[in-house]
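Novice: Before I ask anything, here is the structure I am working with.
Residue numbers (the working numbering): 79 to 461.
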């Protein structure tokens with residue numbers, strides 16, 4: 079388990095401290111509801127992490143051969159949040175040569191031991207397993223229109239970093255913690271020692287997944303939050319392929335704030351704080367710059383415009399398959415046809431929660447101006 083375990087111990091102690099610290103956050107009037115939500119969420123979270131680390135220990139005892147699994151040419155879908163990364167991921171994940179982590183694996187079974195245990199339970203109670211597999215998670219009532227969460231759907235594997243508290247989503251619970259915001263400027267702001275520990279842990283998570291699903295398959299990951307991790311990903315996985323999704327910043331900003339709103343409202347109230355909004359603006363501006371600089375430094379990195387993905391899904395995927403050197407197999411061609419048909423029928427139900435935030439594009443547009451003298455060197459560190 080190595081350094082990751084001690085990193086986790088320190089981070090779990092931090093979460094206990096933050097929980098007490100944030101009880102009065104946003105005013106005492108909301109203290110009863112916040113105490114209830116933290117009282118429900120944090121103990122469950124802590125118990126899950128303890129179970130995960132027990133699973134990791136069993137992995138080292140019984141499945142240690144996973145450490146010898148080679149990760150060959152993994153594919154990382156990243157880029158700008160709310161730019162079609164989820165759609166691209168779920169279409170590519172149907173390819174028979176690729177494998178991605180599913181929601182249940184990320185949240186309930188990041189270890190090999192847990193996966194075998196849950197598979198046994200699923201076979202034992204197969205009707206319940208089938209029902210859970212086809213159902214959607216009751217994440218938030220508003221969330222289904224933004225990002226559907228099914229237990230057996232491909233999902234963002236940065237959820238497997240929760241055991242070492244390296245998942246950026248925790249910032250919704252603890253919105254003023256600098257160590258969490260530094261994850262949004264990972265390559266630039268996270269200390270080198272912790273960065274190496276996080277990447278080593280993440281590498282182990284991928285090896286465990288391939289051990290279970292087949293070492294002959296290529297690993298497919300989708301994480302827009304990895305836009306600031308691109309350098310570390312390239313260093314850790316030198317032969318990796320990248321597909322970076324983009325979208326005009328003017329549309330990204332309100333969409334990103336709206337996607338964070340259900341969690342914020344649940345824990346903190348009806349409106350974002352100005353400080354939180356400005357940190358999100360800084361984060362997104364940094365992402366745009368990181369993506370641009372990474373593409374300049376690495377020729378051949380795939381760029382996927384959201385408009386192209388929407389207008390011509392079939393052509394975009396076929397072009398991307400060529401770049402990734404993936405064959406268009408008969409099975410995948412049929413799956414792609416199904417996805418194209420579904421995309422043509424799809425209508426987004428996501429409505430922006432404009433009343434929840436005060437920031438306006440006209441006030442922050444200059445932060446995304448690529449013609450700024452300091453655009454490529456500006457800090458834009460959300461802290």
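Ideal Cβ positions, reconstructed from N, Cα and C, are used throughout, including at glycine.
From what residue to what residue does the beta strand (DSSP E) around residue 305 run?
Specialist: Taken as a continuous stretch (DSSP letters only), residue 305 belongs to no beta strand (DSSP E), as it is neither H nor E.
Novice: With 16 other CB atoms within 10 Å as the buried threshold, where does residue 300 fall?
Specialist: The residue is buried, with at least 16 neighbouring Cβ atoms inside 10 Å.
Novice: State the Cα-Cα distance for the pair residue 269 and residue 197, rounded to the nearest angstrom.
Specialist: Those two C-alpha atoms are separated by around 38 Å.
Novice: Indicate the three-state DSSP secondary structure (helix, strand or coil) for residue 448 in the structure shown.
Specialist: Residue state, collapsed to three classes: coil.
Novice: How many Å lie between residue 336 and residue 361 at the Cα?
Specialist: Cα to Cα, the separation comes out at about 15 Å.
Novice: So, at 6 Å on beta carbons, what are the nonlocal neighbours of residue 435 in its own chain, with the 5 sequence-adjacent residues on each side left out?
Specialist: Correct list, in chain order: 335, 350, 355.
Novice: How would you write the range of the alpha helix (DSSP H) that residue 382 sits in, first residue to last?
Specialist: Taken as a continuous stretch (DSSP letters only), residue 382 belongs to no alpha helix (DSSP H), being part of the beta strand (DSSP E) at 380-383.
Novice: What is the rounded straight-line gap between the Cα of residue 108 and the Cα of residue 125?
Specialist: Rounded to whole angstroms, residue 108 to residue 125 spans 26 Å at the Cα level.
Novice: If you reduce the DSSP assignment to three classes, tell me which class residue 158 lands in.
Specialist: Reduced to three states, the DSSP call for residue 158 is coil.
Novice: In the DSSP assignment, find the alpha helix (DSSP H) that holds residue 368 and state where it starts and stops.
Specialist: It spans 352-375 - the alpha helix (DSSP H) in which residue 368 sits, taken as one unbroken run.
Novice: Rounded to the nearest angstrom, how far is the Cβ of residue 295 from that of residue 176, given a contact under 8 Å?
Specialist: 6 Å between Cβ atoms; contact.
Novice: What does DSSP give as the partner residue(s) for residue 330 in the beta ladder?
Specialist: DSSP, once it has assigned bridges, lists no residue as partnering residue 330.
Novice: Which ranges would you report for the alpha helix (DSSP H) in the stretch 80-134 if only whole runs of at least 4 residues count?
Specialist: Those alpha helix (DSSP H) runs which fall completely within the stretch 80-134 and span 4+ residues are 81-99.
Novice: Just checking my contact of residue 318 with residue 398 at CB under 8 Å: how many whole Å lie between their CB atoms?
Specialist: Contact doesn't hold; Cβ gap of about 15 Å is too wide.
Novice: For residue 366 versus residue 158, is the C-beta spacing smaller than 8 Å?
Specialist: Yes, Cβ-Cβ distance for residue 366 and residue 158 is below 8 Å.
Novice: Could you tell me if residue 105 is buried or exposed, where buried requires 16 or more neighbouring beta carbons within 10 angstroms of its beta carbon?
Specialist: Looking at its Cβ environment, which holds fewer than 16 other Cβ atoms inside 10 Å, residue 105 is exposed.
Novice: Check residue 187 in the structure and name its three-state DSSP category.
Specialist: In the structure shown, residue 187 sits in coil (DSSP, three-state: anything other than H, G, I, E or B).
Novice: Which two residues bound the contiguous alpha helix (DSSP H) that contains residue 279?
Specialist: That run of the alpha helix (DSSP H) goes 270-291.
Novice: So does the stretch 302-319 actually touch the stretch 183-194, counting three or more Cβ pairs closer than 8 Å?
Specialist: The stretch 302-319, when compared against the stretch 183-194, does not touch it at the 8 Å Cβ threshold.
Novice: Flag this pair as yes or no: are the beta carbons of residue 308 and residue 235 separated by less than 8 Å?
Specialist: No. Outside cutoff.
Novice: Any idea what DSSP makes of residue 149, helix, strand or coil?
Specialist: Note: residue 149 maps to coil in three-state DSSP.
Novice: Quick one, are the C-beta atoms of residue 237 and residue 182 less than 8 Å apart?
Specialist: Cβ distance not < 8 Å, so residue 237 and residue 182 don't count as in contact.
Novice: Of all the options 102, 103, 151, 127, which has the alpha carbon lying nearest to the alpha carbon of residue 88?
Specialist: Residue 88 has its Cα closest to that of 127, out of 102, 103, 151, 127.
Novice: Mapping the DSSP letters down to three states, classify residue 315 as helix, strand or coil.
Specialist: Here residue 315 sits in coil by DSSP.
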